[in-house]
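Q:
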Amino acid sequence: MSNFFVVFFAVLLALLVAPFAQKNAETIWTSLTRITFVQRNGVALSVYLVASVAIWALVMIVLPQLYMVDFSFRHNLPFNEVGGPKDTWTLDNYRYLIFGRESDAELFNWLHLKVFFKTILVSALVTLFDLAICYPIAYYMAQVAKGGKARLLVLCLIVPFWVNEILRAFAFRILFGTSGVINSALIGLGIVDQGIDFLRADVGLYAGLTYAYILLMIFPLYNAIESLDHNQVEAARDLGSPWWRIHYRVVMPHAKPGIASGCTMVFMLCAGALAAPQILGGPSSLWFTQVIYDWFFQGLNWPQGSAYAFVLLATCIVFVMGVMRIFNVRFGEIAK
Amino acid sequence: MSADVELDHVTIRFGNFTAVSDANLRIADGEFFSFLGPSGCGKTTILRAISGFLDPTEGEVRIGGRNMRGIGPNKRPTALIFQNLALFPLMSVADNIAFGLEVRGVSKFERRKRAEELLNLIALPDQADKLVTALSGGQRQRVAIARALAVEPEVLLLDEPLSALDLKLRQHMRTELRAIQQRVGITFIYITHDQGEALTMSDRIAVMSQGVIQQVGNGAAIYNEPATAFVASFVGENNPFLGRVTQADGDYAVVETSFGALRGRNRQKLSAGDKAIMFVRPEVLQLANGAAAGNTIESPVINEEFEGQFVKIYLANEGPKPIGLSMTNDGGTALPAIGDTVRVAFDPNRANVLPVGELADE
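This is the structure in structure tokens:
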């Protein structure tokens with residue numbers, strides 16, 4: 003039904019526009035060539051540029067997301083009832099995340115809310131942890147190491163990421179397992195009597211997530227710090243500044259856009275990660291993306307899954323905007 | 005307390021490259037001292053050794069009699085003004101100036117007061133809350149000076165701080181720097197490749213070439229009594245005449261050159277038979293009217309340049325460059341025409357006989 007309408011409207015639109023376009027072809031052409039962008043790039047290239055960006059942004063990003071938004075406000079109906087009298091707008095999917103079923107004993111849906119807040123909190127911590135690990139490395143690469151040494155370091159950082167995500171995640175299982183590399187070492191050294199269950203304690207998960215996004219933190223930081231004139235570091239030192247104050251007053255303010263950009267990427271991707279939590283999470287631990295995944299593929303409830311996914315997306319955006327506000331970073335600076 | 009800066013047999017090597025070799029000197033408290041030399045002569049390396057960004061490979065840097073080895077730049081009583089100034093672009097003018105005080109834990113109120121005092125000293129009042137990026141080149145220059153002075157250093161080090169300014173401003177800042185130095189009374193150590201800056205501002209100058217300090221002295225000594233061929237050719241203009249000493253008596257020596265025997269001061273105590281270069285400055289050469297005997301050069305005029313106050317006359321020479329002589333444009337003497345062969349004479353007291361050595365290339 004709905005497919006028919008879409009095609010129908012498209013044909014109608016085309017029929018309406020075509021004669022107009024044909025009649026005014028000359029005017030359209032001349033006004034098109036009057037645009038500076040078109041003049042500079044030629045008609046063919048500018049049409050390609052505009053069309054490809056428009057298709058990418060609209061068709062591949064905005065439209066499917068709008069579909070998902072639409073989904074999230076609908077009931078989970080059997081196929082033959084779609085478009086029927088029962089197909090109405092509803093907030094049930096969102097309400098479910100907060101309050102659960104009405105028949106539940108608890109007022110709130112603690113099971114999912116806990117997972118949700120844990121995901122946000124742990125992602126924030128992983129982001130901070132990544133920042134703490136990567137800042138010194140990025141500073142060393144950008145300001146201290148010279149030529150060949152810096153390039154070697156970059157290579158050492160990139161090469162491990164040729165290994166695919168799944169393999170890396172399983173490697174971490176081997177590292178952190180009860181009889182894994184770390185535990186064997188600890189037992190061998192006589193530090194512990196029996197293996198510690200790192201995976202159950204989610205240590206493996208946190209380490210895996212931290213490791214997975216290191217590059218996304220290092221490169222924005224490196225770019226930002228690299229553009230700092232080294233004389234400023236020396237000037238601060240010459241004026242008597244200890245090293246930590248140089249970073250706090252000179253390097254970090256300069257690198258703020260890079261820090262913001264790295265943190266945003268790591269946080270967003272971490273909150274949306276699926277493979278690492280699936281493989282490295284403890285048996286009782288859930289990541290919010292796993293709940294979403296289950297709604298889609300186990301529960302076959304796409305509206306419910308969409309609602310959960312949107313709450314995650316919206317929360318991440320609000321969280322990031324809030325943090326940027328606190329640290330006084332303008333949105334445009336991230337793109338630097 | 006006294007803040008003499010002493011370099012005691014300072015040698016600085018980077019790998020196989022010797023940037024500074026065996027530098028010895030003592031800069032007195034309150035002196036305006038310049039290191040002058042072409043780029044790559046090691047003057048900046050010496051500055052970095054005094055400020056503490058590097059330690060000499062051999063020898064000692066002493067400030068106020070204390071060996072500075074192992075003491076970082078943040079612990080030395082020195083402040084450095086960088087060539088590109090290195091002001092903090094994200095801070096206001098006041099925050100820049102007060103940065104050193106902030107580091108020392110001075111209260112906000114006190115910092116502000118001190119910054120405003122310094123802004124008055126550098127004649128930039130009411131600019132405290134601007135961003136440094138909003139200032140002009142000359143204003144930034146002064147902010148950099150104020151920032152360095154705020155920490156009350158005993159020695160202020162300046163690494164070619166005027167090189168980024170245009171000519172007018174540069175000349176103005178020379179006077180200004182000298183005035184500030186006299187007002188605050190601390191030691192200024194100034195690095196430059198611009199001899200005009202060195203000569204006008206400094207109490208004493210060390211001329212450097214290829215890591216070696218060639219001569220230390222005041223401007224007049226450096227200019228009038230150069231100790232090496234490099235100093236003679238680097239500072240001001242000079243006409244070199246290559247030859248061999250034929251006669252050396254006490255303070256004077258006679259050098260046999262392609263223009264015949266020429267007599268000049270022999271401060272470096274060359275003896276007969278030594279190869280030597282006789283240096284005679286363009287303003288020392290005078291057109292000889294008629295009968296001047298001895299110490300004369302005869303050569304055709306190949307070019308003339310009118311410079312207003314002076315007229316430069318170039319005479320043919322066997323060497324790579326013509327002999328230059330400058331005549332004051334006082335209307336006293338008629339100018340020779342190009343092609344005329346002229347005879348020029350000079351006072352032996354104002355010519356210098358020096359050992360053969362590296363010449364500065366221009």
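Residue numbers (the numbering used here), protein chains in the order written: chain R, 3 to 338; chain S, 5 to 366.
Just so you know, even glycine gets a beta-carbon here, dropped at the ideal spot from N, CA and C.
Model, not experiment: these values are computed from the prediction.
Assuming Gly260 of chain R is part of the beta strand (DSSP E), what are its boundary residues?
A: Gly260 of chain R -> not in any beta strand (DSSP E); alpha helix (DSSP H) instead, spanning Met254 to Ala273.
Q: Once you ignore the five residues that flank Val235 of chain R on each side, which residues in its own chain have a CB closer than 8 Å to its CB?
A: Gln145, Ile248, Val252 and Val253.
Q: Who pairs with Pro244 of chain S in a beta bridge, going by DSSP?
A: DSSP, once it has assigned bridges, lists S:Phe283 as partnering Pro244 of chain S.
Q: Quick check on DSSP: helix, strand or coil for Thr129 of chain R?
A: Note: Thr129 of chain R maps to helix in three-state DSSP.
Q: For Gly242 of chain R, which residues in chain S fall below 7 Å Cβ to Cβ?
A: Result: Asn78, Gly104, Val107, Arg108 and Val155.
Q: Taking CB distances under 8 Å as the criterion, tell me whether Leu84 of chain S reaches chain R.
A: Yes, its Cβ sits closer than 8 Å to a Cβ of chain R.
Q: For Met3 of chain R, which of helix, strand or coil comes out of DSSP?
A: Note that Met3 of chain R has pLDDT 49, beneath the 50 cutoff, so the model's placement of it is unreliable and the number below is only indicative. If DSSP states are grouped into helix, strand and coil, Met3 of chain R belongs with coil.
Q: Does the Cβ of Lys79 of chain S have 16 or more other Cβ atoms within 10 Å, making it buried, or fewer, making it exposed?
A: Burial call: exposed.
Q: Can you tell me the Cα-Cα spacing of Val24 of chain S and Ala280 of chain S, whole angstroms?
A: Taking the straight line joining both Cα atoms gives about 26 Å.
Q: Looking at the C-beta of Asn303 of chain R, does it have a partner C-beta in chain S at a distance below 8 Å?
A: No, Asn303 of chain R does not count as interfacial toward chain S.
Q: 8 Å is my cut-off, CB to CB: does Pro255 of chain R come that close to chain S?
A: Pro255 of chain R counts as touching chain S.
Q: Under 7 Å Cβ to Cβ from Pro279 of chain R, same chain only, skipping five residues before and after it: list those, please.
A: Excluding residues within five positions, the ones whose Cβ falls inside 7 Å are Leu207, Trp289, Thr291 and Gln292.
Q: How would you list, in chain order, the residues of chain S whose beta-carbon sits under 7 Å from the beta-carbon of Gln234 of chain R?
A: Simply Ala90 and Phe92.
Q: Kindly indicate which residue of S:Ile226, S:Leu160 and S:Leu91 has the alpha-carbon position closest to the one of Gln145 of chain S.
A: For the residues S:Ile226, S:Leu160 and S:Leu91, the minimum Cα distance to Gln145 of chain S belongs to S:Leu91.
Q: Given that Ala226 of chain R touches chain S, what residues does it touch there, using C-beta distances under 8 Å?
A: Within 8 Å Cβ-Cβ: nothing; Ala226 of chain R doesn't reach chain S, min ~13 Å.
Q: Let me know the secondary structure DSSP gives Leu276 of chain R once reduced to three states.
A: Looking at Leu276 of chain R - three-state DSSP - the assignment turns out to be coil, as it is neither helix nor strand.
Q: Give the DSSP bridge partners of Val24 of chain S, in chain order.
A: Bridge partners of Val24 of chain S: S:Ile16.
Q: Determine the closest residue to Gly85 of chain R out of R:Asp240, R:Lys116 and R:Phe7, with distance taken between C-alpha atoms.
A: Of R:Asp240, R:Lys116 and R:Phe7, the residue nearest in Cα terms is R:Phe7.
Q: Just to confirm, are Pro81 of chain S and Phe57 of chain S a CB contact at a threshold of 8 Å?
A: Cβ distance not < 8 Å, so Pro81 of chain S and Phe57 of chain S don't count as in contact.
Q: If you count every other CB in all the chains shown that lies within 10 Å of the CB of Lys112 of chain S, and 16 or more means buried, which is it?
A: Result: exposed.
Q: Take the Cβ of Gln185 of chain S as the centre, count every other Cβ of all protein chains shown within 10 Å, and call the residue buried at 16 or more, exposed below.
A: Label assigned to Gln185 of chain S: buried.
Q: Can you pull out the residues from the stretch 150 to 167 of chain R whose beta carbon lies closer than 9 Å to at least one beta carbon of chain S?
A: Listed by position along the chain: nothing, the set is empty.
Q: Can you pull the DSSP bridge partners for Gly264 of chain S?
A: DSSP, once it has assigned bridges, lists S:Thr261 as partnering Gly264 of chain S.
Q: Please return the same chain residues whose Cβ sits closer than 8 Å to the Cβ of Thr22 of chain S, not counting the five positions on each side in sequence.
A: Same-chain partners within the cutoff: Thr15, Ile16 and Gly215.
Q: Where does the unbroken alpha helix (DSSP H) through Pro230 of chain S begin, and where does it stop?
A: Segment: none, Pro230 of chain S is in no alpha helix (DSSP H) and carries neither H nor E.
Q: Give a yes or no on whether the minimum CB-CB distance between Ala238 of chain R and chain S is below 8 Å.
A: Yes - at least one Cβ of chain S is within 8 Å of the one on Ala238 of chain R.
Q: Kindly list, in the order they appear in chain R, the residues whose Cβ is closer than 9 Å to that of Phe57 of chain S.
A: Glu236, Arg239 and Asp240, listed in chain order.
Q: Would Arg332 of chain R pass as an interface residue toward chain S - the criterion being a Cβ-Cβ separation below 8 Å?
A: Arg332 of chain R does not count as touching chain S.
Q: At what residue ranges does the stretch 97 to 134 of chain S contain a whole run of the alpha helix (DSSP H), taking only runs of 4 or more?
A: With a minimum length of 4 residues, the continuous alpha helix (DSSP H) runs that stay inside the stretch 97 to 134 of chain S are 97 to 101, 103 to 107 and 112 to 125.
Q: Decide yes or no for the touch test of the stretch 329 to 347 of chain S against the stretch 307 to 321 of chain S: beta carbon pairs closer than 8 Å, at least 3 of them.
A: Because the criterion of three Cβ pairs below 8 Å is met, the stretch 329 to 347 of chain S and the stretch 307 to 321 of chain S touch.
Q: So what does DSSP say about Ala7 of chain S, is it helix, strand or coil?
A: Correct three-state label for Ala7 of chain S: coil.
Q: Beta-carbon separation of Ile122 of chain R and Asn111 of chain R under 8 Å?
A: No, the pair does not count as a contact, with Cβ atoms beyond the cut-off.
Q: Closest to Pro324 of chain S by CA distance: which of S:Thr61, S:Phe234 and S:Leu363 is it?
A: When only C-alpha atoms are compared, the closest one is S:Leu363.
Q: Put Ala237 of chain R into one of helix, strand or coil per three-state DSSP.
A: Looking at Ala237 of chain R - three-state DSSP - the assignment turns out to be helix.
Q: Contact between the stretch 202 to 217 of chain S and the stretch 41 to 52 of chain S is defined here as three or more beta-carbon pairs at a separation below 8 Å; is this criterion met?
A: At 8 Å Cβ cutoff, the stretches touch.
Q: If contacts are defined as beta-carbon pairs under 8 Å, then Ala98 of chain S and Asp133 of chain S qualify, I think. What distance do you get, rounded to the angstrom?
A: 6 Å between Cβ atoms; contact.
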